[in-house]
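Novice: A single structure is presented below for examination.
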Amino acid sequence: MNVFKMGWRGIWRNRRRTGVTVAATSLGLLTMILYAGLMEGYLRGMEASVLDLEVGDMQVHADDYRENPSIYTRIQDPEALIAPLEAAGLRATGRLLAFGMAASGDASAGVSFRGVDVERDARVSLIHDQLAQGSWLDPAEPSQVVLGRRIARTLAVEPGDELLVLSQGADGSMAYDLYTVRGILLGVSAATDRTGMFMTQAAFRELFVVPDGVHQIIVRRPADLDLASAAVRVQGLAGALDVRTWRQLLPTVASMMDSARAAIVVMFVIIYIAIGILILNAMLMAVFERVREFGVMKALGVSPLGVLRLILVESAIMTGIAIAIGVGLGVPGLIYLSEVGLNLSSLAGVSIMGLAMDPHWRAVITPDVFRLPIVTLVSIVAIAVVYPAVKASLISPIEAMRYR
Amino acid sequence: MTQTNGDPAARLVDVTKRYRQGALDVFALRGLSLTIEKGEFTALCGPSGSGKTTTLNLIGALDRPTSGTVYLEGKDLAPLSRRQLSELRRDRIGFVFQAYNLMPVLTAYENAEIVLALQGVDAATRRERVLGLLADVGLEGLEDRRPDQLSGGQQQRVAIARAIASDPALVLADEPTANVDSETADHLLDIMEDLNRQRGVTFLFSTHDPRVMERARRVVRIVDGRVDSDETDRSEAG
């Protein structure tokens, strides 16, 4: 009698027991898959809000700009760095930075100006997609600006409204002009939300009388290049310029993300243990309910290894069915969660450590989202079934046949 | 397959079996000696707890004695490993249990052939032998039924076919008629008696059933773990 045939018939003999076991296992797997997808989505979303919208992987500044930000401290020839960076597989863009005031009607607020190379910035940052109202900068409209959402609220402006900007030019002159609000951003970061004003580089140069150079170069690395190696590569090209990774620029955020990752791992372990106990219980039930039957098999001359093999084959078949069901339900579940997400709009406007939260928590679909739960499930089942299987295979036939 | 012609089918020499029940030692057998010759049709009888089933379990290599020696076809079972005992049960002993103990997922045919399959006998030989045996025990046409589609008597007939399929040295039958009505019991005994007479299969029963004792050619009465009486050649005498 083929052990697979016997195992297949064995699992369907008690349909309710098999149903409970398979349901428990596939539900456990489905939970693990959805949780893994959501957690990976959460971490990626968090990282994206830091890297894609605001900071980039690395930033390059002139000399001591970071310590003493000044409109005069610039990287004089940014192209001399950006071109080799792009040749080395990295993406980079320069930004101009300054501070000043903006006023509209009776309201006024401190502003952090950012002069953006619109075309190049789009390859480095996703901030152009982060608009709550209006649209992103257009190089053909240099008198239009995009504001952070809180400063827009402070100034009580909407797209189409005018505001007056006031600062000091690099030549010592008074820098002031009227601009039209083109767009208002969604939450990006606490600083950008409260003070950010984006304008084209041409507009910035004209307002602040800065004919050349940039204050900051934002660098992005390819996905297959780790941060430390990328930093070494950038520093090699940047020479004496100040190169810092996002982890150095935002150590608190980096530490918070590390903690979040660790907390997620702990949650994973807790969830997996809970699911493991559920599966262990189902497997123990499936084996111990049939100890008497295994005793008869042993009395007839089936070796302990033969009993062990039969139990393992039955478990493997049930696990295979559970994986098919779990993955079969997990794929559409993850597609839904990645496209629609969980609506956390009641938390809209909340930021953690200055990072804006996307009100829609979306899952991501990667091979790891399936691989890790499946590997874990198979390991749990293997551990769960080994004890009852070994016990059933080693029990004496007499003891097994008396088992109630 | 072990062949030890000339030796008795089974022999127990001064066998004791002690079980631990809580703080108490309970003796199931107290120095029992018994020889079962090949071709016998023997019943072990005695009151409940007298040691009948323990005797069958020891001869069937399902259990080990506390002291004394058990031989099967002249071979001492004591030094055999768990695996060797499994092989010995598979190759030389047939079991018929009170509760039939058929594999519920297998058909009547598959249940009857399981031991032959475990022995590695080829499919064609298995088929010929098993179909013949199922016909002998009156189950022709019921080969594809699962145990839950058979009556108690039919299940016990499958168990008998399974027990003798591998041509064992000895068939041990523990209360084989306890769960069937008297008509079925008579029919089962007819089958076993025929197998004993025509094929020379050795049967050893543990029983309370007077019908079994009437049919047995030797009745060994066990009381308190010892042989109390041993009547042989009864049928010939009767």
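Keeping their order, the protein sequence lines are chains B and P. Throughout, the working numbering is defined as the position within the first sequence, counted from one, plus 4. Throughout, the working numbering is defined as the position within the second sequence, counted from one, plus 112. Ideal placement from N, C-alpha and C gives every residue a C-beta, glycine not left out. These figures come from a predicted structure and were not determined experimentally.
#1: How many angstroms separate the CA atom of A328/B from the CA atom of G23/B?
#2: How about R20/B: is its C-beta nearer than 9 Å to some C-beta of chain P?
#3: Output needed in chain order: residues of the stretch 167 to 192 of chain P with a Cβ under 7 Å from some Cβ in chain B.
#4: Quick one, which residues of the stretch 295 to 310 of chain B are near chain P if we go by CB-CB under 9 Å, in chain order?
#5: Less than 8 Å between the CB atoms is what I'm expecting for L316/P and T181/P, so what's the real figure, rounded?
#6: With 16 other CB atoms within 10 Å as the buried threshold, where does E343/B fall?
#7: Could you tell me the distance, in whole angstroms, from the CA atom of E343/P to the CA atom of G265/P?
#8: By Cβ distance below 6 Å, which residues in the same chain neighbour A107/B in space, the five residues on each side in sequence not counted?
#9: Would you tell me roughly how many angstroms separate the C-alpha atoms of D67/B and D133/B, rounded to the nearest one?
#10: Should the stretch 137 to 154 of chain P be regarded as contacting the stretch 384 to 396 of chain B, the criterion being three or more beta carbon pairs within less than 8 Å?
#11: Could you please give the first and the last residue of the uninterrupted alpha helix (DSSP H) stretch that includes E255/P?
#12: Going straight from the alpha carbon of A349/P to that of R327/P, what length do you get?
#13: Could you tell me which uninterrupted alpha helix (DSSP H) segments, each at least 4 residues in length, are contained entirely in the stretch 214 to 256 of chain B, listed from first to last along the chain?
#14: Going by DSSP in three states, L141/B sits in which element: helix, strand or coil?
#15: Cα-Cα, which of A404/B, I268/B, W365/B, V269/B is closest to V295/B?
#16: As an exercise, report each continuous alpha helix (DSSP H) stretch of at least 4 residues that is fully enclosed by the stretch 260 to 339 of chain B, in chain order.
#17: Contact check, Q268/P vs Y212/P under 8 Å by CB: the rounded distance?
#18: Closest to L304/B by CA distance: which of G206/P, T165/P, Q196/P, R130/P is it?
#19: Just to confirm the assignment, what range does the alpha helix (DSSP H) spanning M405/B have?
#20: Could you check whether the Cβ of I226/P sits closer than 9 Å to any Cβ belonging to chain B?
#21: Hey, how far is the Cα of S286/P from the Cα of S162/P?
#22: Return the chain-ordered list of same chain residues with a C-beta closer than 6 Å to the C-beta of G232/P, the five sequence neighbours on each side being excluded.
#23: I402/B CB to nearest chain P CB: under 9 Å?
#24: For a contact defined as C-beta to C-beta under 8 Å, what are the partners of R13/B on chain P?
#25: Are the Cβ atoms of V122/B and L100/B separated by less than 9 Å?
#26: Rounded to whole angstroms, what is the Cα-Cα separation between V339/P and G118/P?
#27: If you count every other CB in all the chains shown that lies within 10 Å of the CB of P322/P, and 16 or more means buried, which is it?
#28: So which residues of chain B does F207/P contact, with C-beta pairs closer than 9 Å?
#29: Taking 9 Å as the threshold (C-beta atoms), are L31/B and L341/B in contact?
#30: Could you give the distance in angstroms between the alpha-carbon of S116/B and the alpha-carbon of A102/B?
#31: For a test of the three-state rule: what should DSSP assign to Y69/B, helix, strand or coil?
#32: Can you tell me the Cα-Cα spacing of V242/P and Y276/B, whole angstroms?
#33: Using a Cβ-Cβ cut-off of 7 Å (strictly less than) and excluding sequence neighbours within five positions of A96/B, which residues of its own chain qualify?
#34: Is DSSP giving E343/P helix, strand or coil here?
#35: Measure the CB-CB distance between L168/P and L156/P and report whether it falls below 9 Å.
#36: Determine the DSSP secondary structure at I75/B, reduced to helix, strand or coil.
Specialist: Once the coordinates are examined:
#1: One-based indexing of the first sequence puts residue 328/B at position 324. One-based indexing of the first sequence puts residue 23/B at position 19. Cα to Cα, A328/B sits roughly 14 Å from G23/B.
#2: If you number the first sequence from 1, residue 20/B lands on position 16. By this cut-off, R20/B is not an interface position.
#3: N169, L174, D175
#4: R296, E297, G299, V300, M301, K302, A303, L304, G305, V306, S307, P308, L309, G310
#5: Taking the second sequence and counting its residues from 1, one reaches residue 316/P at position 204. Taking the second sequence and counting its residues from 1, one reaches residue 181/P at position 69. Rounded, the Cβ-Cβ distance is 18 Å, inconsistent with contact.
#6: The sequence position of residue 343/B within the first sequence is 339, counting from 1. Looking at its Cβ environment, which holds fewer than 16 other Cβ atoms inside 10 Å, E343/B is exposed.
#7: Position 231 of the second sequence, counted from the first residue, corresponds to residue 343/P. Position 153 of the second sequence, counted from the first residue, corresponds to residue 265/P. Distance between the alpha carbons of E343/P and G265/P: 29 Å.
#8: The sequence position of residue 107/B within the first sequence is 103, counting from 1. L168, listed in sequence order.
#9: One-based indexing of the first sequence puts residue 67/B at position 63. One-based indexing of the first sequence puts residue 133/B at position 129. Roughly 32 Å between the two C-alpha positions.
#10: no
#11: Mapped onto the second sequence, residue 255/P falls at position 143. Premise fails: E255/P is in no alpha helix (DSSP H) and is neither H nor E.
#12: The residue given as residue 349/P occupies position 237 in the second sequence. The residue given as residue 327/P occupies position 215 in the second sequence. Caution is warranted here: a pLDDT of 41 is assigned to A349/P, below 50, making its placement in the model unreliable, and no coordinate value can be reported.
#13: 231 to 242, 250 to 253
#14: Taking the first residue of the first sequence as 1, we reach residue 141/B at position 137. DSSP places L141/B in coil when its eight states are reduced to three.
#15: Residue 295/B sits at position 291 when you count from the first residue of the first sequence. If we check each option's Cα against that of V295/B, A404/B comes out closest.
#16: 295 to 303
#17: Here residue 268/P refers to the residue found at position 156 when the second sequence is read from its first residue. Here residue 212/P refers to the residue found at position 100 when the second sequence is read from its first residue. Indeed they touch by this definition, with Cβ atoms about 5 Å apart.
#18: Taking the first sequence and counting its residues from 1, one reaches residue 304/B at position 300. That would be G206/P, whose Cα lies nearest to the Cα of L304/B.
#19: Here residue 405/B is taken as the residue at index 401 of the first sequence, counted from 1. Taken as a continuous stretch (DSSP letters only), the alpha helix (DSSP H) holding M405/B covers 401 to 406.
#20: One-based indexing of the second sequence puts residue 226/P at position 114. So yes, I226/P belongs to the interface.
#21: Your numbering for residue 286/P matches position 174 in the second sequence. Your numbering for residue 162/P matches position 50 in the second sequence. In the sequence on display, residue 286/P carries Asp and not Ser. Rounded to the nearest angstrom, the two C-alpha atoms are 14 Å apart.
#22: Here residue 232/P is taken as the residue at index 120 of the second sequence, counted from 1. Correct list: empty, nothing qualifies.
#23: Stepping through the first sequence from its first residue, residue 402/B is reached at position 398. Answer yes: the Cβ-Cβ gap between I402/B and chain P drops below 9 Å somewhere.
#24: Along the first sequence, read from residue 1 onward, the residue named residue 13/B stands at position 9. Simply V217, L218.
#25: As a working mapping, residue 122/B is identified with position 118 in the first sequence. As a working mapping, residue 100/B is identified with position 96 in the first sequence. No; because the gap between Cβ atoms is not below 9 Å, this pair is not in contact.
#26: Within the second sequence, numbered from 1, the residue matching residue 339/P stands at position 227. Within the second sequence, numbered from 1, the residue matching residue 118/P stands at position 6. V339/P and G118/P: Cα-Cα distance of roughly 24 Å.
#27: Here residue 322/P refers to the residue found at position 210 when the second sequence is read from its first residue. With fewer than 16 other Cβ atoms within 10 Å, it is exposed.
#28: Residue 207/P sits at position 95 when you count from the first residue of the second sequence. Those within 9 Å of F207/P in chain B are V300, A303, L304.
#29: Numbered from its first residue, the first sequence carries residue 341/B at position 337. Numbered from its first residue, the first sequence carries residue 31/B at position 27. Cβ atoms of L341/B and L31/B: not closer than 9 Å.
#30: Counting from one through the first sequence, the residue named residue 116/B turns up at place 112. Counting from one through the first sequence, the residue named residue 102/B turns up at place 98. Whole-angstrom Cα-Cα distance: 6 Å.
#31: On the first sequence, residue 69/B is found 65 positions in, with the first residue counted as 1. Three-state DSSP puts Y69/B in coil, outside helix and strand.
#32: Within the second sequence, residue 242/P is the residue found at index 130, counting from 1. Within the first sequence, residue 276/B is the residue found at index 272, counting from 1. Computed Cα separation, rounded: 49 Å.
#33: Here residue 96/B refers to the residue found at position 92 when the first sequence is read from its first residue. So the list reads I86, L89, E90, V128, I221, I222, V223, once near-sequence residues are dropped.
#34: Here residue 343/P refers to the residue found at position 231 when the second sequence is read from its first residue. Strand.
#35: The residue given as residue 168/P occupies position 56 in the second sequence. The residue given as residue 156/P occupies position 44 in the second sequence. Yes.
#36: For this step, residue 75/B is matched to residue 71 along the first sequence. Residue state, collapsed to three classes: coil.
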